Amino acid sequence: MTVHNSEADEKPGVAGEPASRTPRDRSARWDHVLTLLSTTKRLSVAEVARELGISESTVRRDFMEMERAQLARRTHGGIVAVDVAYSLATVPRSTDEGSAFRERVSDRAASLVQPGQIIGFNGGRTTTSTARRAVARGDLDSRDGSPGLTVVCAALNIATEAVLRPSVRTVVLGGVAEPYSFELTGPLATATMRDLWLDTMFVGTVGLDVAAGLTCNSDAEAGVTRIMIGHARRVVGLATPDKLGHRALAGICPVSVLTDLIIPGPVPDELRTHLEEASVTLHEV
Numbered sequence: 157m158t159v160h161n162s163e164a165d166e167k168p169g170v171a172g173e174p175a176s177r178t179p180r181d182r183s184a185r186w187d188h189v190l191t192l193l194s195t196t197k198r199l200s201v202a203e204v205a206r207e208l209g210i211s212e213s214t215v216r217r218d219f220m221e222m223e224r225a226q227l228a229r230r231t232h233g234g235i236v237a238v239d240v241a242y243s244l245a246t247v248p249r250s251t252d253e254g255s256a257f258r259e260r261v262s263d264r265a266a267s268l269v270q271p272g273q274i275i276g277f278n279g280g281r282t283t284t285s286t287a288r289r290a291v292a293r294g295d296l297d298s299r300d301g302s303p304g305l306t307v308v309c310a311a312l313n314i315a316t317e318a319v320l321r322p323s324v325r326t327v328v329l330g331g332v333a334e335p336y337s338f339e340l341t342g343p344l345a346t347a348t349m350r351d352l353w354l355d356t357m358f359v360g361t362v363g364l365d366v367a368a369g370l371t372c373n374s375d376a377e378a379g380v381t382r383i384m385i386g387h388a389r390r391v392v393g394l395a396t397p398d399k400l401g402h403r404a405l406a407g408i409c410p411v412s413v414l415t416d417l418i419i420p421g422p423v424p425d426e427l428r429t430h431l432e433e434a435s436v437t438l439h440e441v
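What follows is the structure, given as structure tokens:
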């Protein structure tokens with residue numbers, strides 16, 4: 157079940173724009189703001205309030221919490237960007253039909269992370285969003301010299317999200333960076349991963365098919381992800397509805413390899429039955 161958060165001081169959508177396009181919950185607002193910030197580098201309280209159709213007091217609270225999470229730096233009357241890769245998307249997410257689904261998947265995935273764990277991510281927008289939420293959690297403070305969280309990154313942009321957090325230890329695989337996914341591939345990446353072990357691996361996918369399993373567009377990326385999966389106690393698949401029934405070039409893993417699958421409902425009966433038979437925990441969001 158999806159829970160929609162609301163705040164008493166939020167207002168309907170901006171005049172002339174459907175209210176449904178206005179990000180209502182905090183995580184959606186933050187993602188929208190960070191997408192704008194990645195291109196403008198500076199935003200004011202007033203312009204964000206107008207853009208999202210919310211009160212300036214809500215925007216100021218968001219800016220204060222975003223600075224605390226080291227996602228931006230406050231200035232007089234606004235915020236400025238810090239040097240971080242905010243998104244894989246080149247198009248603002250407000251125009252992306254799948255952004256709301258990614259928000260729901262990412263929120264649930266980040267909630268599965270426990271303090272002190274070692275977690276891994278392959279590349280992609282959903283895994284990037286999940287990593288951003290996971291490393292920003294307030295309960296991940298370092299204790300007794302141990303990191304609050306260890307993130308093993310197969311993608312450079314996820315590494316830039318994690319490395320800004322003092323309580324997070326960031327481990328980056330070596331290898332050749334792919335230009336579109338930012339994923340690291342090749343012998344260096346696989347050799348590094350063979351010596352590492354994960355509590356939880358979050359797996360993004362281009363396609364999800366009962367017969368083909370999870371697939372992506374690069375056999376090199378799939379090879380690195382398979383090794384990460386093989387070195388994880390828990391394997392959490394992340395998918396949005398547009399992935400269902402689609403088969404990309406390279407197989408990552410069968411659906412049965414997953415321990416969990418997070419996907420917005422409704423889930424097709426064939427997939428639901430397959431998950432039950434394979435004892436994969438389904439999280440409908």
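Under my numbering, the first residue of the sequence shown is numbered 157, with each subsequent residue one higher.
Just so you know, even glycine gets a beta-carbon here, dropped at the ideal spot from N, CA and C.
The structure displayed is predicted, hence computed values, not measured ones.
Three-state secondary structure assigned by DSSP to residue 334: By one-based count along the sequence shown, residue 334 stands at place 178. Residue 334 falls in the coil class under three-state DSSP.
Beta carbon of residue 393 nearer than 8 Å to that of residue 359: Within the sequence shown, numbered from 1, the residue matching residue 393 stands at position 237. Within the sequence shown, numbered from 1, the residue matching residue 359 stands at position 203. Going by C-beta atoms, residue 393 is nearer than 8 Å to residue 359.
Whole-number beta carbon distance between residue 304 and residue 285, since they are thought to touch under 8 Å: Position 129 of the sequence shown, counted from the first residue, corresponds to residue 285. Position 148 of the sequence shown, counted from the first residue, corresponds to residue 304. Wrong, their Cβ atoms sit about 20 Å apart, outside the cutoff.
3-residue-minimum beta strand (DSSP E) runs that sit fully inside the stretch 354-392, ordered along the chain: List check, beta strand (DSSP E) in window: 354-360, 363-365 and 369-372.
Residue span of the alpha helix (DSSP H) that contains residue 291, given as start and end: Locating residue 291 in the sequence shown gives position 135, where the first residue counts as 1. Element bounds for residue 291: 281-291.
Spatial distance of residue 217 from residue 230 (CA atoms): Working through the sequence shown from its first residue, we reach residue 217 at position 61. Working through the sequence shown from its first residue, we reach residue 230 at position 74. Those two C-alpha atoms are separated by around 11 Å.
Whole-angstrom distance between residue 439 and residue 430, CA atom to CA atom: Position 274 of the sequence shown, counting from 1, holds the residue named residue 430. Position 283 of the sequence shown, counting from 1, holds the residue named residue 439. C-alpha separation (whole angstroms): 14 Å.
Distance CB(residue 258)-CB(residue 281) smaller than 8 Å: Taking the first residue of the sequence shown as 1, we reach residue 258 at position 102. Taking the first residue of the sequence shown as 1, we reach residue 281 at position 125. Between residue 258 and residue 281, the C-beta gap is smaller than 8 Å, which places the two residues in contact.
Reduced DSSP category for residue 228 - H, G, I as helix; E, B as strand; rest coil: Position 72 of the sequence shown holds residue 228. Correct three-state label for residue 228: strand.
Proximity below 8 Å, CB of residue 315 to CB of residue 328: On the sequence shown, residue 315 is found 159 positions in, with the first residue counted as 1. On the sequence shown, residue 328 is found 172 positions in, with the first residue counted as 1. Yes, the Cβ-Cβ distance between residue 315 and residue 328 is below 8 Å.
Under 8 Å between C-beta atoms of residue 404 and residue 362: By 1-based counting over the sequence shown, the position of residue 404 is 248. By 1-based counting over the sequence shown, the position of residue 362 is 206. Against a cut-off of 8 Å, the Cβ pair of residue 362 and residue 404 comes out as a contact.
Helix, strand or coil at residue 237 according to DSSP, with G and I counted as helix: The residue you call residue 237 lines up with position 81 of the sequence shown. Reduced to three states, the DSSP call for residue 237 is strand.
Integer Cβ distance of residue 368 from residue 342, believed to fall under 8 Å: Numbered from 1 along the sequence shown, position 212 holds the residue referred to as residue 368. Numbered from 1 along the sequence shown, position 186 holds the residue referred to as residue 342. So it is not a contact: roughly 24 Å between Cβ atoms.
CB contact flag (residue 189, residue 201, <8 Å): Your numbering for residue 189 matches position 33 in the sequence shown. Your numbering for residue 201 matches position 45 in the sequence shown. Not closer than 8 Å, so no.
Residue 325, DSSP secondary structure in three states: Taking the first residue of the sequence shown as position 1, residue 325 is located at position 169. Three-state result, residue 325: strand.
Exposure label - residue 425; buried when at least 16 CB within 10 Å: Along the sequence shown, read from residue 1 onward, the residue named residue 425 stands at position 269. The Cβ neighbour count for residue 425, taken over all protein chains shown within 10 Å, is under 16; the residue is labelled exposed.
Any C-beta of chain B under 8 Å from that of residue 389: As a matter of chain content, chain B is missing from the structure shown, which is built from one protein chain.
Straight-line Cα distance separating residue 384 from residue 233: Counted from its first residue, the sequence shown places residue 233 at position 77. Counted from its first residue, the sequence shown places residue 384 at position 228. C-alpha separation (whole angstroms): 44 Å.
Alpha-carbon spacing of residue 334 relative to residue 409, whole angstroms: By 1-based counting over the sequence shown, the position of residue 334 is 178. By 1-based counting over the sequence shown, the position of residue 409 is 253. If you take the alpha carbons of residue 334 and residue 409, they lie about 20 Å apart.
Per-residue burial, residue 220 [other beta carbons within 10 Å of its own, 16 or more giving buried]: Here residue 220 refers to the residue found at position 64 of the sequence shown. By the 10 Å Cβ count, residue 220 comes out exposed.
Outcome for residue 270 when other beta-carbon atoms lying within 10 angstroms are tallied against a minimum of 16: Taking the sequence shown and counting its residues from 1, one reaches residue 270 at position 114. Classification for residue 270: exposed.
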